[in-house]
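Colleague: Got a structure for you, questions after.
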Amino acid sequence: MQVNVKLFASFQTGRFKQEFRDYPDQTQIGTVVRELNIPEEEVGILLLNAVHAKLDQPLSDGDLLAIFPLVGGG
Amino acid sequence: MDKILRINMSAAGGPTQSTEKAGEFAALGGRATTSTIVGNEVPPDCHPLSADNKLVIAPGMLSGTAAAISGRISVGCKSPLTGGIKESNAGGQAAQVLARLGYAAVIIEGIPEGDDLYKIHINKDRVEISVDNSNKLLDNYPLIEKLQKEYGDKVAYMSIGSAGERLMASASIACTDPELRPTRHCGRGGVGAVMGSKKIKVIILDDAGCKNRPPQDAERFKTANRAFVEGIRKHPVSGEGLPAYGTNVLTNVLNEAGGYPTNNFKTGQFEGGTKISGESLAELEISRGGKATHGCHRGCVIQCSGIYNDKDGKYLTKQPEYETVWSHGGHCGISDLDTIATLDYWDDNVGVDTIEMGVAIGVAMDGGLLEFGDGVGAINLLRDEVAKGTPLGRILGGGAGMTGKAFGVTRVPVVKNQALPAYDPRTVQGIGVTYATSTQGADHTAGYAVATNILKVGGDVDPLKPEGQIELSRNLQIATTAIDSTGLCLFIAFPILDQPETFQSMLDLLGGFYGIEMTGDDVAALGQKVLTLERKFNKDAGFGPEDDRLPSFFQTEKLPPHNLTFGVTDEELDQLYNWD
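Those protein sequences? They're chains Y and R, same order as listed. Quick note: the first sequence uses my numbering, first residue 345, plus one each step. Quick note: the second sequence uses my numbering, first residue 962, plus one each step.
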């Protein structure tokens, strides 16, 4: 299956901004995070198809996954 | 801060001044001071631009001390935009300087006869109020450049541009940053128009010969300050994200979450979002020899601002904030950073609130004045209409509500006539509660539920559902009202919400400075007390439960991509002030 992965802020450094990536069916979000060498404790916001998600959630073909460090502003 | 300066602009024979003891205000500051004085002294039913209104300026409880990031200044009055009580705060140098001069507050009352324009110069030896008509209709950048030749670069300036002189309801008061740029604004609610109505163009604050305010318990204060700074630096939001990308780091977050109001609140995602994101902005600033990291006042340890240069590497403006990038960007369908930065420059120069002005332009676009996405047209409106005080410029300068009426627009995003900021309440339901119920009108900073709804700082409440939002907004509004009184930048909320030891160090800073014991309950009690008196002022000014509501289109129009309406009921909104 193919997942649209977007990285933001400091997670872009040395990685990418957006890539369509292939994974086996039912791959969990945490697996994607680990594969990208992002320490789990640095993950602030996970949005799966614009809805907040958790690391143990499985992905489906065509999903959009956005991964942010802890950020804020206002 | 043991004294209060009172200036009466109405006095026969010219303005008079008097100094009184600070009394209860010696150990208060910021919003607690301005709202208490406005509540005590301003008739709630007065016209905001009449002689009965007062402009109250107060540094925070920790301003002018060695406490880190303590440079917020509060300005209070009855708002010409909302008709209710207003506290608008800003960074810049003014708070530190005014506090070191020893003033807990400056109260400006009355209106002088005639057309003369005044300036007020305050230093450690005297206060001078003088006529200077050579400043008439100068905008903030040329004004500060001119004044520097007279007063130098070791002072802080608080000024109004032409919008304030023209009494526009979106007019701001500019405070200069450490390099004397008039870029830090008490923006919301038209406080600049109240200053303009009193015919005061600028206040020059000179603390030469003054020292930092000394703490009662120096050792405890010093230890607490060290721990406080450490806590701010180690939290990822205040220690990494904000310095590197600024507040505009939120564009991508809100856009990805479907809560980024686009084309006047028609959709929750903007196609051009990435182009104007904090990541793109920081990259552009650095590539043009500007700065992605800059502090608005000395002593700031977050440094969330930056310097934006034009294509030729010449200074254009400070780093536009997230709210500004949104109001002039996605809200208007504009995805060009140079256009947004130019609009930010004109907002600062003319002296208008970037949120109110951007939202007004987007509402005018919805009314057919311009096409969404017309950046050149938007600049023309600000530079050729608002800055020149044309009839169209005065309509826009009157704010989003007035603009909506002028153009027959039904989708007008205001509460208590103040424009909504950059988070759609249908996707971020907690901030919708704050918009609806704040004493200030729609104001994200009044109770920043975005932190818990979207950013997952200080807990986790589902942004898409109404459950839990009232309690969340209530607690945040109480805490924020207290923080707005300390002079500390609101961005300390990120570390203190997540790190109990940093919250404790903030209590110890206050306790060590004033030689008292401070607890979390004391902070909450202060917040509740101030909110209660602000709410009483609004009630006496004619506000009722029907004013604590979002515009009805948030209940009737579903917002893509989540296709939700605002789900918190009126009955629930009426429970926000459950202690009142």
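Note that the Cβ used here is the ideal one computed from N, Cα and C, for glycine as well.
#1: So if I threshold CB-CB distances at 9 Å, which residues from the segment 1197-1210 of chain R count as touching chain Y?
#2: Indicate the three-state DSSP secondary structure (helix, strand or coil) for R:Cys1171 in the structure shown.
#3: Can you check DSSP and say which residues form a bridge with R:Glu1246?
#4: Using a Cβ-Cβ cutoff of less than 6 Å, which residues in the same chain neighbour R:Thr1303 once the five nearest sequence positions on both sides are dropped?
#5: Smallest Cα separation from R:Gln1516: which of R:Gly1528, R:Gly990, R:Pro1522?
#6: For chain Y, check one thing: does any of its Cβ atoms lie closer than 7 Å to the Cβ of R:Asn1213?
#7: Excluding the 5 residues flanking R:Thr1556 on each side, which residues of the same chain have their C-beta closer than 6 Å to its C-beta?
#8: Within the 7 Å Cβ cut-off, does Y:Val387 reach chain R?
#9: R:Thr1406 touches chain Y at which residues, Cβ-Cβ below 8 Å?
#10: So R:Gly1584 packs on R:Asp1178, CB below 8 Å; how close in whole Å?
#11: For R:Thr1441, I'd like the list of residues in its chain whose CB is within less than 8 Å of its CB, leaving aside the five on either flank, ordered along the chain.
#12: So the beta strand (DSSP E) R:Ser1266 belongs to, where does it begin and stop?
#13: Just to confirm, are R:Cys1038 and R:Val1152 a CB contact at a threshold of 7 Å?
#14: Going along the chain, which residues of the segment 390-411 of chain Y sit with their C-beta nearer than 7 Å to a C-beta in chain R?
#15: Give me the chain Y residues within the contact set of R:Gly1219, using Cβ-Cβ distance strictly less than 7 Å, ordered along the chain.
#16: Using Cβ-Cβ distances below 8 Å, what residues of the segment 1422-1434 of chain R are close to chain Y?
#17: Who are the neighbours of R:His1255 on chain Y, taking C-beta pairs under 8 Å?
#18: For the candidate residues R:Ser1011, R:Gly1250, R:Gly1274, R:Lys1349, whose alpha-carbon lies nearest to that of R:Asn1310?
#19: Could you tell me which whole alpha helix (DSSP H) segments of length 4 or greater appear in the segment 1289-1321 of chain R?
#20: Should R:Ile1090 be labelled buried (16 or more other beta-carbon atoms within 10 Å of its own) or exposed?
#21: Can you tell which of R:Arg1344, R:Ile1322, R:Asp1509, R:Asp1345 has its C-alpha closest to the C-alpha of R:Gly1334?
#22: What three-state label does DSSP hand R:Cys1333 in the structure shown?
#23: Under three-state DSSP, which class holds R:Gly1233?
#24: Note the first and the last residue of the continuous beta strand (DSSP E) segment covering R:Asp1421.
#25: Taking the C-alpha atoms as reference points, what is the distance between R:Glu1346 and Y:Leu399?
#26: Got a sec? Which residues, its chain only, sit under 6 Å from R:Lys1097 by beta carbon, not counting five neighbours each side?
#27: Just mark R:Val1036 as buried or exposed, buried being the case when its beta carbon has 16 or more other beta carbons within 10 Å.
#28: Excluding the 5 residues preceding and the 5 following R:Ile1018 in the sequence, name in chain order all residues of the same chain whose CB lies nearer than 6 Å to its CB.
#29: DSSP on R:Asn969, reduced to helix/strand/coil?
#30: Judging by CA-CA distance, which residue of R:Thr1463, R:Val1324, R:Phe1498, R:Phe1504 is the nearest neighbour of R:Thr1184?
#31: For R:Pro1204, I'd like the list of residues in its chain whose CB is within less than 7 Å of its CB, leaving aside the five on either flank, ordered along the chain.
#32: For R:Asn969, tell me which candidate among R:Val1003, R:Ala993, R:Lys1015 has the shortest Cα-Cα distance.
#33: Measuring only between beta-carbons, confirm whether R:Val911 sits less than 7 Å from chain Y.
Modeller: Inspection of the coordinates gives the following:
#1: Pro1197, Val1198, Ser1199, Glu1201, Gly1202, Leu1203, Ala1205, Tyr1206, Gly1207, Thr1208, Asn1209, Val1210
#2: Within the second sequence, residue 1171 of chain R is the residue found at index 210, counting from 1. If DSSP states are grouped into helix, strand and coil, R:Cys1171 belongs with coil.
#3: Taking the second sequence and counting its residues from 1, one reaches residue 1246 of chain R at position 285. Here R:Glu1246 is not bridged, per DSSP, to any residue.
#4: The residue you call residue 1303 of chain R lines up with position 342 of the second sequence. The residues are Ile1340.
#5: In the second sequence, counting from the first residue as 1, residue 1516 of chain R sits at position 555. The shortest C-alpha separation from R:Gln1516 is found at R:Gly1528.
#6: Position 252 of the second sequence, counted from the first residue, corresponds to residue 1213 of chain R. Interface residue, yes.
#7: Outside the displayed span of chain R (962 to 1541) sits residue 1556 of chain R, for which this structure offers no information.
#8: As a position in the first sequence, residue 387 of chain Y is number 43, starting the count at 1. Closer than 7 Å: no.
#9: Residue numbering aside, residue 1406 of chain R sits at position 445 when the second sequence is read from its first letter. Here the neighbours are Gly418.
#10: Absent from the model: residue 1584 of chain R. The displayed extent of chain R is 962 to 1541, so no value can be given.
#11: Numbered from its first residue, the second sequence carries residue 1441 of chain R at position 480. Answer for R:Thr1441: Thr1406, Ala1407, Gly1408, Tyr1409, Leu1451, Ala1454, Gly1488, listed in chain order.
#12: Start at 1 with the first residue of the second sequence, and residue 1266 of chain R comes out as number 305. Taken as a continuous stretch (DSSP letters only), the beta strand (DSSP E) holding R:Ser1266 covers 1266-1270.
#13: As a first step, residue 1038 of chain R is located in the second sequence; it is residue number 77 there, counting from the start. As a first step, residue 1152 of chain R is located in the second sequence; it is residue number 191 there, counting from the start. Judged by beta-carbon spacing, R:Val1152 lies within the 7 Å limit of R:Cys1038, meaning their Cβ atoms are closer than that value.
#14: Leu391, Ala394, Ala410
#15: As a working note, residue 1219 of chain R is residue 258 in the second sequence. Near R:Gly1219 (Cβ distances below 7 Å), the residues of chain Y are Ala394.
#16: Asp1423, Pro1424, Leu1425
#17: As a first step, residue 1255 of chain R is located in the second sequence; it is residue number 294 there, counting from the start. Under the 8 Å cutoff, chain Y gives no residues; its nearest Cβ is about 15 Å from R:His1255.
#18: In the second sequence, counting from the first residue as 1, residue 1310 of chain R sits at position 349. R:Asn1310 has its Cα closest to that of R:Lys1349, out of R:Ser1011, R:Gly1250, R:Gly1274, R:Lys1349.
#19: Residue ranges of uninterrupted alpha helix (DSSP H) with 4 or more members, entirely inside the segment 1289-1321 of chain R and ordered along the chain, are 1298-1311.
#20: In the second sequence, residue 1090 of chain R corresponds to position 129, counting from 1. With 16 or more other Cβ atoms within 10 Å, it is buried.
#21: Taking the first residue of the second sequence as position 1, residue 1334 of chain R is located at position 373. It is R:Ile1322.
#22: Within the second sequence, the letter at position 372 stands for residue 1333 of chain R. Just to set this straight, residue 1333 of chain R is Phe in the shown sequence, not Cys. R:Phe1333 falls in the coil class under three-state DSSP.
#23: Sequence index remark: in the second sequence, residue 1233 of chain R carries index 272 (1-based). Looking at R:Gly1233 - three-state DSSP - the assignment turns out to be coil, as it is neither helix nor strand.
#24: The count along the second sequence starts at 1 and reaches residue 1421 of chain R at position 460. Careful: R:Asp1421 lies outside any beta strand (DSSP E) and carries neither H nor E.
#25: Against the second sequence, residue 1346 of chain R aligns to sequence position 385. Against the first sequence, residue 399 of chain Y aligns to sequence position 55. Cα to Cα, R:Glu1346 sits roughly 52 Å from Y:Leu399.
#26: Walking along the second sequence from the start, residue 1097 of chain R turns up at place 136. Taken in chain order, the residues that qualify are Leu1078.
#27: Here residue 1036 of chain R is taken as the residue at index 75 of the second sequence, counted from 1. R:Val1036 is buried by the Cβ-count criterion.
#28: By one-based count along the second sequence, residue 1018 of chain R stands at place 57. Non-local beta-carbon contacts of R:Ile1018 in its own chain, meaning distances under 6 Å to residues more than five positions away in sequence, involve Val1036, Val1067 in chain order.
#29: For the purposes of this step, residue 969 of chain R is taken as residue 8 along the second sequence, with counting starting at 1. Three-state result, R:Asn969: strand.
#30: Against the second sequence, residue 1184 of chain R aligns to sequence position 223. For the residues R:Thr1463, R:Val1324, R:Phe1498, R:Phe1504, the minimum Cα distance to R:Thr1184 belongs to R:Thr1463.
#31: Locating residue 1204 of chain R in the second sequence gives position 243, where the first residue counts as 1. Excluding sequence neighbours, R:Pro1204 sits near Thr1254, Ile1263, Gln1264, Cys1265.
#32: Mapped onto the second sequence, residue 969 of chain R falls at position 8. Checking every option, the nearest Cα to that of R:Asn969 belongs to R:Lys1015.
#33: Because chain R in this structure spans residues 962 to 1541, residue 911 of chain R falls outside the shown range and cannot be described.
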